[in-house]
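A quick write-up on the structure given underneath.
Protein chains: 2
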Amino acid sequence: MTKRSWTTHRDAKNAKLEKVAPMMDGKFVETENAKELLEDLIAPGDKVVLEGDNQKQASFLSKVLASVNPQKIHDLHMIMSSVSRPEHLDIFETGIASKLDFSFAGPQSTRISQMIADGTMNVGDIHTYLELYARLYVDLIPNVVLVAADKVDHDGNLYTGANTEETPVIVESAAFKDGIVIVQANQIVDKVPRVDIPGDWVDVVVQADQPYQLEPLFTRDPQNITELQILMGMMAIRGIYEKHNVQTVNHGVGFNTAAIELLLPTYGEQLGLKGKIVPNWEVNPTPTLIPAIESGWVKTIHSFGGEVGMENYIAHRPDIFFVGKDGTMRSNRAFGQMAGQYALDMFVGSTLQIDKYGNSSTVTNGRLSGFGGAPNMGSNPTGRRHSTPAWQSLRPDNDPLGKGQKLVVQMVETFGSNKKPVFVDHLDAEEVRKEAKLANVPIMIYSEDTTHIVTEEGIAYLYKTDSMAERQAAIEAIAGVTPVGLRSNPKQLADLRARGIVALPEDLDVHRNEAKRSLLAAQTMDDLVSWSDGLYNPPAKFRSWS
Amino acid sequence: MTKRSWTTHRDAKNAKLEKVAPMMDGKFVETENAKELLEDLIAPGDKVVLEGDNQKQASFLSKVLASVNPQKIHDLHMIMSSVSRPEHLDIFETGIASKLDFSFAGPQSTRISQMIADGTMNVGDIHTYLELYARLYVDLIPNVVLVAADKVDHDGNLYTGANTEETPVIVESAAFKDGIVIVQANQIVDKVPRVDIPGDWVDVVVQADQPYQLEPLFTRDPQNITELQILMGMMAIRGIYEKHNVQTVNHGVGFNTAAIELLLPTYGEQLGLKGKIVPNWEVNPTPTLIPAIESGWVKTIHSFGGEVGMENYIAHRPDIFFVGKDGTMRSNRAFGQMAGQYALDMFVGSTLQIDKYGNSSTVTNGRLSGFGGAPNMGSNPTGRRHSTPAWQSLRPDNDPLGKGQKLVVQMVETFGSNKKPVFVDHLDAEEVRKEAKLANVPIMIYSEDTTHIVTEEGIAYLYKTDSMAERQAAIEAIAGVTPVGLRSNPKQLADLRARGIVALPEDLDVHRNEAKRSLLAAQTMDDLVSWSDGLYNPPAKFRSWS
Chain A
1 MTKRSWTTHR DAKNAKLEKV APMMDGKFVE TENAKELLED LIAPGDKVVL EGDNQKQASF
61 LSKVLASVNP QKIHDLHMIM SSVSRPEHLD IFETGIASKL DFSFAGPQST RISQMIADGT
121 MNVGDIHTYL ELYARLYVDL IPNVVLVAAD KVDHDGNLYT GANTEETPVI VESAAFKDGI
181 VIVQANQIVD KVPRVDIPGD WVDVVVQADQ PYQLEPLFTR DPQNITELQI LMGMMAIRGI
241 YEKHNVQTVN HGVGFNTAAI ELLLPTYGEQ LGLKGKIVPN WEVNPTPTLI PAIESGWVKT
301 IHSFGGEVGM ENYIAHRPDI FFVGKDGTMR SNRAFGQMAG QYALDMFVGS TLQIDKYGNS
361 STVTNGRLSG FGGAPNMGSN PTGRRHSTPA WQSLRPDNDP LGKGQKLVVQ MVETFGSNKK
421 PVFVDHLDAE EVRKEAKLAN VPIMIYSEDT THIVTEEGIA YLYKTDSMAE RQAAIEAIAG
481 VTPVGLRSNP KQLADLRARG IVALPEDLDV HRNEAKRSLL AAQTMDDLVS WSDGLYNPPA
541 KFRSWS
Chain B
1001 MTKRSWTTHR DAKNAKLEKV APMMDGKFVE TENAKELLED LIAPGDKVVL EGDNQKQASF
1061 LSKVLASVNP QKIHDLHMIM SSVSRPEHLD IFETGIASKL DFSFAGPQST RISQMIADGT
1121 MNVGDIHTYL ELYARLYVDL IPNVVLVAAD KVDHDGNLYT GANTEETPVI VESAAFKDGI
1181 VIVQANQIVD KVPRVDIPGD WVDVVVQADQ PYQLEPLFTR DPQNITELQI LMGMMAIRGI
1241 YEKHNVQTVN HGVGFNTAAI ELLLPTYGEQ LGLKGKIVPN WEVNPTPTLI PAIESGWVKT
1301 IHSFGGEVGM ENYIAHRPDI FFVGKDGTMR SNRAFGQMAG QYALDMFVGS TLQIDKYGNS
1361 STVTNGRLSG FGGAPNMGSN PTGRRHSTPA WQSLRPDNDP LGKGQKLVVQ MVETFGSNKK
1421 PVFVDHLDAE EVRKEAKLAN VPIMIYSEDT THIVTEEGIA YLYKTDSMAE RQAAIEAIAG
1481 VTPVGLRSNP KQLADLRARG IVALPEDLDV HRNEAKRSLL AAQTMDDLVS WSDGLYNPPA
1541 KFRSWS
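Residue numbers (our numbering), protein chains in the order written: chain A, 1 to 546; chain B, 1001 to 1546.
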C-alpha cells in the first residue's frame, strides 16, 4: 500500500500558483491578465467565495469571472453572501457555475427564482450571514476566494477601511486551509493607512479597472417618512423601548426605524428618556442617527459595514464609532453579527408578509430574496446566559428555571406599499418552497422568536400569550382591515387590552394628532448635514441641492 | 455652551501613552518596567480584558497586574474568558479589581463561590465564550486588553501560532475603539513566521519573564477509558451517529467522546460506516482523534485552540487541519464558536448533573464553574436556515412550517466519579443561584435544547417526546438506580421502547460483552504516538516511557 499524501490541497495550490508565475510580479498581476489568471487559478468544480455584502461588491473580479472560458472553468460551487449584480447570475447561465449557497439576493431575487425553476441553478441553501461564514470553516471550505480591498501595499497588506465588512472572515477560511486568496485593489500604494488583513494571508493582488461597487443602502431620506411611520415610532418608543428599558439595539433598514432614530431627540426627550435608553448600538452608520448622536443619545456604535457619505463624520466622532489609529472606521460583518445575536436587548426589523401565527418572510411569489442578517439577529439565542433588564423583563413568571428572552420586534404597516395585505393566512413562502424544492419553508423570522409586532393599529405583545390561539388573536387585533385583521372582534380586543397583550395608541398615551412630520429631528437630507456640522456628505442621488 | 469633545477616549489613551513614553523603545518596554507600565496605562475603574482561554493564559501580565499598587489601580472591571490562575482572584482580594464578567472558572470555581458569598467580588454575569466576545463590541468595550503572543517582531506584528485562540477578537475590540493593547511576548524576533495580528493594532509589547502558561487540557489517556464508556460509545455510534447520518460534529472534553473517537476505526469500520459519517469537525486537536484521522475517517478539523504535543503532527497533516503558509496551525476561538453554533449537525457534551426535566449544569454546590463554550454549541440556533440530513431528521412530522434541529447530546454515567447520582430532582445550581444572587439559575444546557441523553442504560430520544411528562419518563428510563431512575417502571419502559423514544443496547444491536478495551483503536498514549508515525509528542505528564 502506498502512503497517502496529506498535502493534496497544498500541492494543488502550488501547482496552480506555479502556472501563473510567469505573469506575476511578486504577488501582483496586471489588470489585463486577470482573466487568464482566474482561468489558471480556478479549477472546475471548485468552491469559490465571491465577496459581496450588502454594500460592497468585488465587482471587478465578478466581471472577470463572468468572462472566463466555460470550457476551462465550469460547474463552480459559488458561495456568496449577496447575489447583487447581473454577472453573479450570468455565470450560471454560461455553465461557469452550477451550484449556489447564499444569504441575500435583493436585486436579483426574481431572476434567481426563475433560474431555479428552469434548472439553470442548483441552490444549496439560503443562510443568514453568520451561518454562511460558519460553514466556510466546516463543510464549505473554499478553494478560492475573490475579495476587494481599498488599498494594498507592495507586501500585499490590505487596507479595507470603513468597508471591512466580510473580507477578514472570508480570507481567513482560505488562507489557513491552502485555499487561494485573490484580491482586487482600488489602489496599490507604498504604505497602507493601516493593515486590516496581513499580506501573509494574500496570494494574488490585481489592480481593478475601477473602484469596487459600493452602495449607500442604509441611507433613508427623512423627507419620505410618513406620519403613519411617525405614529408607529412613537408607539414603539413608549410601548417597547421605554417599557422594557432597552439599552442595546439593532435597527433593520427602513423608514420605520429611521423615524424612531429621528424621534429620540424630540419625542424621546419630551418623555424624559434621554440617558435612560439605547446608548449602545450594533448598526450600520445610518445618517438618520446623526441627530441622536449629536444630542447625546447614542454612546457607541459598532458596524457591520460602512455607509457612503458618512466617512468624514465618523472620523470626527471616534468616541462613538469603531475607528482605527489611522482615523477611519473599521467595520466587521462577522463580529457585528456575533454582537447582533448575543449582545443585544432588541432587534427591530420589518418584513413583507406575516402569517396568522406570526411567522414572517420577505420571500414572496417569484422572489427568492434570502434574508441577510435578519434570521440571526431576529432570533433568540438560547445559548445566552447574561441577563439585562430588558431581556429579563420577558422572563416567564411561572417557571422557576426560566430565563429572559431577546426582544424581536417586527414593525409593519398592515398593507404594504403594493397595497397588498402584510398579514396573510399563508405565506407566499410556502408556495416558493415547493417551486424551489427547498427542504423547509423559507421563513425569515419564526413566530416563536417574535416577541412584539407593531402596526399603525397598535402593539401586540406576543411574548405574553399563553397559547397559539391567543397569539393569533393578538395578531388579529393589530392587523387592521386585512383578512386576518377582520377576524378580530371588540370583545376579544377589550380582553387582550385589559390583559396587556395588546396596546392601542391611547393605551400608551400616544396621540395620533401629534404624529406629525414636524416632530422629526431632521426632515430633510439638508437637516442631517446641518446636524452633522457639515461633516456628513450625502451621495449625489440624495442631494436636492447643488 | 462649550462644544463637547468627541475624542475623550483617544485623549485619555494618548495621555496614558505619553506618561509611559520615557520607558518605551518604540512599542517595547523592558520586562522589569512592566509593573510601572500597568500602573500608568490602567486607570481605576477601567474595563480590562485579561486573556485566558481554556489552555493559554497571559500569565506574565496577570502576575504583574496582581503586583500593582492598589492605591493607584483599584476597582477594575475584569472581563475574562477563563478564571484559571490564583492571581486572577487575588486581585479582587487586594481591591485592584471589584467586578468580574467571565465564562469559565474550572480550577478556581470553589474560591469564586466563596468570594461572592463574602462580598469580595461582584459578578456581572456568566457567559458562553461567544457571548462574552460579543459584548466587547457593544456594552463591555474595554479600556485596556492584556494578551499573549508567541513571537513579536520589531513593528509589533504578532505571531500566535497554533494557539491563536481568542487573541484576535479581544485585540480588535480595543484597537479600534481607542483602547490600549498590551502584549506579553514569549520571544521578540526580527521576523515572525507569519503575521496573525498586524502590528498596527498593538500599542505596547513586553518580553515576558517566561513563556505563557499553556495546558494540555484536551489530552485524554486511552488507558483511562472504561468499558462502560466503550459501551456508551458503541450505543452513540449506532443509535445517534449512524441513525441520524451525522456529518459535522463537536466533541466536548472527556473520556466518553474519546472512546467514540477511538471506536470509529474499529467498531465504526465493522459497521461499514467509514466514509459515511463525521468527516468534518470543529474541535480542538485532541490526540485521541489521531487513529480516526490516520485511517481516513476525518477529512477536516477546525480548532478553537491548539493542544500541547500535537504541533508537529498537525504540521504534517495540512489536508486535515487549518495550517498557515508558515506550516503551523492557526486556531480561532471566536470563529470556532461561530462554526460550533451554526455549522454543526451535532454537539456531544457531558455534565455533572441533569435534573428530571433534562436541564443540565456543571455548577454544583460551592462551585461556580461557568460553562465555556457549551451553552453556545449545545443550543439550537434558531437563526439557522440551511438543512442537512441529520438536522432535518429531527423535524417534527406534524408541522408544515417546521424545521430541523441541532442534535445536542449529553453523555453521562448515571453516577459520577464522586459516587453521587448525576440525575437529580433539583440541580444544585438552583441553590447556587440564591447564594450568588444570580438573575437566573445557572443552567449549562436547557432541556429544550437537549435532544438526546446517553447513559450506560440506554439512549433517551428526548426530541421525540410530546410533553414534559413524557420527557421526564424518557429520562427516568435511562437514569439507572438514581432516585430519578427508580421512578421508572417496566410498563412505561416497554411503551417508550416500542415507540422509539428510548433504546436499550439490545434495541441497537449493541452487545455488552463486546464493549471491551481491546475494541479501542489505541489503548495507551504509546499507541497514539505509533498511529501518528512518531509525530505526536505527548506532554511529560502523559508519558509513562522515557
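Note that the Cβ used here is the ideal one computed from N, Cα and C, for glycine as well.
Between the alpha carbons of Gln1405 of chain B and Asp449 of chain A lies a gap of roughly 15 Å.
Residues of the segment 1146-1165 of chain B that bring their beta carbon within less than 8 Å of a beta carbon in chain A comprise Asn1157, in sequence order. Within the segment 1299-1318 of chain B, the residues whose Cβ lies closer than 8 Å to any Cβ of chain A are, in chain order, Thr1300, His1302, His1316, Arg1317, Pro1318. Inter-residue distance for Lys1464 of chain B and Leu1496 of chain B is about 10 Å (C-alpha atoms, whole angstroms).
Counting every other CB atom within 10 Å of its CB across the protein chains shown gives Leu486 of chain A a total below 16, marking it as exposed. C-alpha of Pro539 of chain A to C-alpha of Gly1252 of chain B: approximately 51 Å in a straight line.
Against chain B, the CB of His244 of chain A has no partner CB under 9 Å away; the residue lies outside that interface. With a cut-off of 8 Å on Cβ pairs, the segment 1468-1475 of chain B is not in contact with the segment 1388-1402 of chain B, counting fewer than three such pairs. In this structure, the alpha-carbon of Asn1332 of chain B lies about 8 Å from that of Pro1168 of chain B. Here DSSP, grouped into helix, strand and coil, assigns Lys420 of chain A to coil. The bridge partners DSSP lists for Leu76 of chain A are A:Ala97. Met234 of chain A is outside the set of residues whose beta carbon lies under 9 Å from a beta carbon in chain B. Neighbourhood of Glu172 of chain A in chain B, by CB distance below 8 Å: Arg1330, Asn1332, Phe1335, in chain order. In the DSSP assignment, His9 of chain A falls within the alpha helix (DSSP H) that extends over 8-20. For Leu263 of chain A and His1077 of chain B, the gap between their C-alpha atoms comes out near 34 Å. By alpha-carbon distance to Ile354 of chain A, the top candidate from A:Ile141, A:Asp428, A:Pro285 is A:Asp428.
Here the segment 1384-1398 of chain B does not lie against the segment 1432-1447 of chain B, with fewer than 3 beta-carbon pairs under 8 Å apart. Sequence-distant partners of Asp1527 of chain B (beyond 5 residues in either direction) whose C-beta falls short of 7 Å from its own C-beta, in its chain, are Pro1222. Comparing alpha-carbon positions, the option among A:Thr226, A:Thr248, A:Pro107 lying closest to Tyr1137 of chain B turns out to be A:Thr248. The C-alpha of Arg194 of chain A is placed about 47 Å away from the C-alpha of Ile1260 of chain B. Beta-bridge partners assigned by DSSP to Phe1304 of chain B: none are found. Proximity of chain B to Gly324 of chain A at the Cβ level (cut-off 9 Å) is accounted for by Ala1175, Phe1176, Asp1200, Trp1201, in chain order. Excluding residues up to 5 positions away in sequence, Leu1519, Leu1520, Ala1521 lie with their Cβ nearer than 8 Å to the Cβ of Thr1266 of chain B in the same chain.
Distances from the CA of Trp1281 of chain B to each of B:Val1205, B:Glu1269, B:Val1298, B:His1426 were compared; the closest alpha carbon is that of B:Val1298. For the segment 1133-1147 of chain B, the beta-carbon criterion of a distance under 7 Å to any beta-carbon of chain A is satisfied by Tyr1133, Ala1134, Arg1135, Tyr1137, Val1138, Asp1139, Ile1141. When the alpha-carbon of Ile188 of chain A is set against those of A:Thr388, A:Gly458, A:Gln210, the nearest one is in A:Gln210. When only Cα atoms are considered, Ala1473 of chain B and Gln1410 of chain B end up about 17 Å apart.
Taking 9 Å as the cut-off, the beta carbon of Ile290 of chain A is found closer than this to the beta carbon of Trp531 of chain A.
The C-beta of Arg1004 of chain B comes closer than 9 Å to at least one C-beta of chain A. At the C-beta level, Thr1451 of chain B and Leu1508 of chain B stay beyond 9 Å of one another.
The C-alpha of Leu1214 of chain B lies about 23 Å from the C-alpha of Pro1318 of chain B. Between Trp1201 of chain B and Glu1166 of chain B, the CB-CB gap reaches or exceeds 9 Å. Within its own chain, the residues whose Cβ lies closer than 8 Å to the Cβ of Val1192 of chain B, once the five positions on either side in sequence are excluded, are Lys1151, Val1152, Asp1153, Asn1157, Leu1158, Tyr1159, listed in chain order. Beta-bridge pairing by DSSP links Arg1367 of chain B to B:Thr1364. Around the CB of Glu32 of chain A, fewer than 16 other CB atoms lie within 10 Å, so the residue is classed as exposed. Counted as a single uninterrupted DSSP element, the stretch harbouring Ile1478 of chain B is not any alpha helix (DSSP H), since DSSP gives it neither H nor E.
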